[in-house]
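Going line by line, the protein sequences match chains A and B.
Residues in the first sequence are numbered from 1 upward in steps of one, following my numbering.
Residues in the second sequence are numbered from 1 upward in steps of one, following my numbering.
C-beta atoms are modelled at their ideal positions from N, C-alpha and C, and glycine is treated no differently.
Computed from a predicted structure; not experimentally measured.
Beneath this line is the structure, given in structure tokens, with notes to follow.
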Amino acid sequence: MSLIRSLAAGLRSLFRREQVDRELDEELTGFLEMATEEKIKSGMSREAARREVRLEMGSPEVAKEIVGAAGWESLVERSWQDLRFAARMLRKNPSFTIVAVLTLALGIAANTTVLSWISATLLNPIPGVAHTSDLVTVARGDHSDHPTPPFSYPDLRDLSERTQTFSGLLGYHDDYMSLTGVAKPERIYGALTTANYFGLLGVHPILGRAFLPEEGTPPGGAPVVVIGYSVWQNHFAGDPKIVGKTIQINRHPYTVVGVAPRDFTGCAPGLRAELWIPVSMDRDVWGFNRPAYRRTFWLNVLGKLRPGVTKNQAEAELNLLMQGIAERFPEDHRDSPNEISLDPLWRSPFGINDYLYKILPMLLGLAGVLLLLACANVASLLLVRSVGRRREIAIRLGMGASRQQIIRQFLIESLLLGLLGGTAAIAITVWTSRSLVDFFPPNTLPLTHNAHIDQRVLFVTITVSILAAIIFGILPALRSSSLPVQSVLKEEATSVSLTLHKGRLLSGLVVAQISLSLVLLVCAGLFTRSLQKAQQSDPGFDASHLLLASYELSPAGYTRATSVAFNRRVLERLSALPGVESVTLADFSPLSFSIHTDYLQIEGYVPQPHERMEISRAIVGPNYFRTLRTSVISGREFTAADTAESQLVAVVNQAFVDRYFPGEDALGKQVTDGGDRYTVVGVARNAKYRLLTYPAEPVIYLPIYQAYRFTQDTTIHLRTTGDPLTMASSVEETIHQLNPELPLFNVNPLSVTMQLGTLFGRVAATFAGSFGLLAMLLAAVGVYGVVAYTTRQRTREIGIRMALGAEKGGIYRFVLGQGFRLTLAGLVVGTVLGLAFTRLLKAQLFGVSETDAITFASVGLLLAVVALLACHIPARRATRVDPMVALRYE
Amino acid sequence: MKEQTGEVVQGTLDMLIMKTLALEPMHGYGIAQRIEQISKGVFRVNAGSLFVALQRLERGGLIRSEWKVSENNRRAKYYLLSERGRKRLSTETREWGRQVAAIARILEA
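What follows is the structure, encoded as structure tokens:
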């Protein structure tokens, strides 16, 4: 009650200042006049009475001040005055303000940029689903960054029926589908889902409804589809009556039952699905009947934990249930691991987060170091500036301002700088948050990039700006407010002792800047060298002069037999083109995350219990190894004669031999894949298909005419004599001569698409690199500023030295030496910090040690040179000091 | 600032003002005078501290104010004790009595 009244009165005096002032004035004047009259009555003269009252009561102005200062509103008002004063001070010194704000803006923007990516990917793993904290991914085997879909439908059904810890388990299988029967047929990434998919995620279609249980439960089911918002807009012009209409997917009719909300794009982080069909429709879309088989592992699974259940409890329960299932159906579970691991969605093994969660927090750490450096830089600027203001401060202290008031004034100035920096940082981040997209080469993956500034980013930016302001503002504020007022006001000669006093703090800040920039530069150097090593490493194939182009036959109506015939003709026609050295087909392309895996049984190899026998499997055409220039070490490669009628054959790579046939001759061994027994007829050199930074892993190659699975993309690999891109149009023509309606997609040189294989290395190197360069610039400015300032302070001393006969060279070395000592100290501290910091990067480095001496040494040298250059300017200036002028100066 | 603490025992000014106003509504000068008179000149109230106290009491809801015309035809802000103020005065008076008695006992012991 009284709080509200105080608040109301305070607000009234804040906003109706004049009226309140007038009333107080009137009251006080009245008071004094009454007192005076009283005195007159007792016989004093008017003049004497006035004087007496004044003596007794104090001046009315002071009384007014005291009364005015008593309420809480006066603090607000004083702060407002401080703020206006701070703004005036910053305007008065625009070069300082611009440098400080820019420095802070860059430091803060580095953080907010990385944060906007983290916010959009790790913290918002499934756009359109608000609460993902109780959702976990369910995967089989150890955590792996390339899990094949881990569950069969019958296993998932059994788990769902028995689990007590989950309120539900959903399964989905992502794949491309073709939207046909529309003006512009399009390949669209979509998902086959269990009926509870939308319900469990809590996603409500904006039109129509989600699947009914009877529509999505095998063996029953209905040809229904939920379409994505952009499909609805782009292909059906946002038709408000779309629900109930029939559309075609892979040439089969489906009834639209719902339209998904605009931001929902499925539940694999970073991948954009836009069509959803019940799992029971597998037969229609892909011609299989995968839900019927217990040993067909094809569904990604997400679970929603019951309230109060921990991840560990749920994991324990699912493992128990899975063990029971594996015991009941041993035949179906022998070849695959049956342990279950749960992951929160921010590091979901499905989708892009699995890569991002390793590098983004690291980049945030680097950005944090950069911000610290920026703070040290601004702190030294402030400190130097505060020396120039010590007369002003001394006067204010002398006039009775308290130390707190001075500190408050300084902190408010810092706060203003921080918030200006934060505002500029947000402007920069608007642009940089979208830059993650620029690292992606053209690819066949349906990647989404939705990084932008959201509330979370905004909130953190403001908090960080304020924190930074306190960090860089507090020391200069404390220092500046403890001035020996008398001596400052008396004369400027005290500057020598002041310089020494402040000198230590300033030197400390310079050392901090040098050492932090060393840390950042070392990280930048390590990432860059690691990326170079990766790019220079031999991938095991020759990417130059290779053109890729992909097509998909199954949605175009081909059967297994007709597609084999079509592929044969493609190879015949393309190899006849002028400028083509050789041509082949494959169901993947290197370094674009497109290689598939299969569970294999290998003759003579006894797996450990539940060892993951899931091995990379490439389906390739004749002349694959010749075209890619991957040499075949022993045996032979595939020819056009390896057909469905001939013996089933396979080629394996060296890593496969080392792992499964150590010390044996691999030729003639049998490998079983999906019930078919293949005989190894060749061993190829290792080639890297996933990431350049991964060690080569075992790969089995199967001939396309024997093992062809036409559900998957077929990619033409064309080795050209000239620039591969010049062949693009004739390749397209050739394909369209064979089938005018078959869309050809992702026509790109392999050297371009394989950039995806170094994506994360490039992100890390680019950002660490720009942080490092920025850090070096800031450190150079910092060293320059401080050395220039202290040199100026010592103009008189230098003048005296010169008057006493010091050589110019001696003066030069004297100033340079001062800067060099600081730099050296910074380098030593930085090396120690760097060694501690780079240990965290170890897992992300390739071909370079985290304590790489060359990197440390060259970065140290670079920084030393830059710092000396920064000292050179003030040192030169010092040698030009005219002793007479210098001595007269102060 | 030093003068004002010497004038009225610290923390008692509010109570003295409320006691004064308990007799009748009064303007600032009247309050100061009344306190000086009744204390036989022992306490002297400085204008600054008086108005700070009045502002504090008013915001606390213990007193109210209104502009009226004074006995010698001058516009003045009159303060009067609210019901809350009256209650507060009686508890504070009692508390004060207890404390003074206790202090007296200690000093006499």
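Short of 6 Å from the beta carbon of residue 612 of chain A, and not among the five residues preceding or following it, lie these beta carbons of its own chain, in chain order: 141, 337. Among the CB atoms of chain B, one or more fall inside 7 Å of the CB of residue 31 of chain A.
Residue 179 of chain A and residue 252 of chain A do not touch by the CB rule: their CB atoms are close to 11 Å apart, not below 8 Å. In the three-state DSSP reduction, residue 622 of chain A falls in the coil class, being neither helix nor strand. Beta-bridge pairing by DSSP links residue 596 of chain A to A:617. Taking C-beta separations shorter than 6 Å and ignoring five residues to either side along the sequence, the partners of residue 846 of chain A in its chain run 530, 533, 534, 693, following chain order. Contact check for residue 683 of chain A against residue 635 of chain A passes: the beta carbons are separated by less than 7 Å. Within the same chain, Cβ atoms closer than 7 Å to the Cβ of residue 101 of chain A are found at 417, 420, 421, 424, the five residues on either side in sequence being excluded.
With three or more CB-CB distances shorter than 8 Å, the region 190-198 of chain A counts as touching the region 277-285 of chain A. Within the same chain, 207, 208, 256 come within 6 Å of residue 243 of chain A by CB-CB distance, once the 5 residues on both sides are set aside.
Beta-bridge annotation (DSSP): residue 189 of chain A is paired with A:176. In this structure, residue 311 of chain A lies near residue 342 of chain A, with their beta-carbon atoms less than 7 Å apart. Residue 209 of chain A carries a coil assignment under DSSP once its states are collapsed to helix, strand and coil. In this chain, residue 545 of chain A is not harboured by any beta strand (DSSP E), its DSSP state being neither H nor E. Counting other Cβ atoms within 10 Å of its Cβ, residue 196 of chain A reaches 16 or more and is therefore classed as buried. Distance from the CA atom of residue 152 of chain A to the CA atom of residue 327 of chain A, rounded to whole angstroms, is 15 Å. Restricting attention to A:795, A:658, A:623, the CA atom closest to the CA of residue 641 of chain A is found in A:623. Of the residues B:17, B:19, B:25, the one whose Cα lies closest to the Cα of residue 68 of chain B is B:25. Taking 4 residues as the minimum length, the alpha helix (DSSP H) runs contained wholly in the region 807-841 of chain A are 808-838, in order along the chain. When only Cα atoms are considered, residue 360 of chain A and residue 11 of chain A end up about 47 Å apart.
For a Cβ distance threshold of 9 Å, residue set 23, 26, 27, 30 of chain A lies close to residue 77 of chain B, ordered along the chain. A check of alpha carbon separations from residue 245 of chain A across A:230, A:264, A:223 identifies A:223 as the nearest. Residue 34 of chain A has a beta carbon lying within less than 7 Å of a beta carbon in chain B.
By the neighbour-count definition (other C-beta atoms within 10 Å, threshold 16), residue 117 of chain A is a buried residue. Residue 242 of chain A carries a coil assignment under DSSP once its states are collapsed to helix, strand and coil. Proximity of residue 88 of chain B to chain A, defined by a Cβ-Cβ separation below 7 Å, is not satisfied. DSSP places residue 454 of chain A in the coil class of the three-state scheme, outside both helix and strand.
Considered as a whole, the region 671-710 of chain A harbours 704-707 as its complete alpha helix (DSSP H) runs of no fewer than 4 residues, in chain order. With contacts defined by Cβ atoms closer than 7 Å, residue 269 of chain A and residue 353 of chain A form a contacting pair. Residue 574 of chain A sits away from residue 715 of chain A, with the two beta carbons spaced by 7 Å or more. Boundaries of the beta strand (DSSP E) around residue 256 of chain A: 252-259. At a Cβ-Cβ threshold of 7 Å, residue 258 of chain A and residue 226 of chain A count as neighbours. In the three-state DSSP reduction, residue 226 of chain A falls in the strand class (E or B). A straight line joining the alpha-carbon of residue 301 of chain A with that of residue 506 of chain A spans about 58 Å. The Cβ-Cβ distance between residue 200 of chain A and residue 170 of chain A falls below 7 Å.
Taking 7 Å as the cut-off, the Cβ atoms of residue 754 of chain A and residue 543 of chain A count as close.
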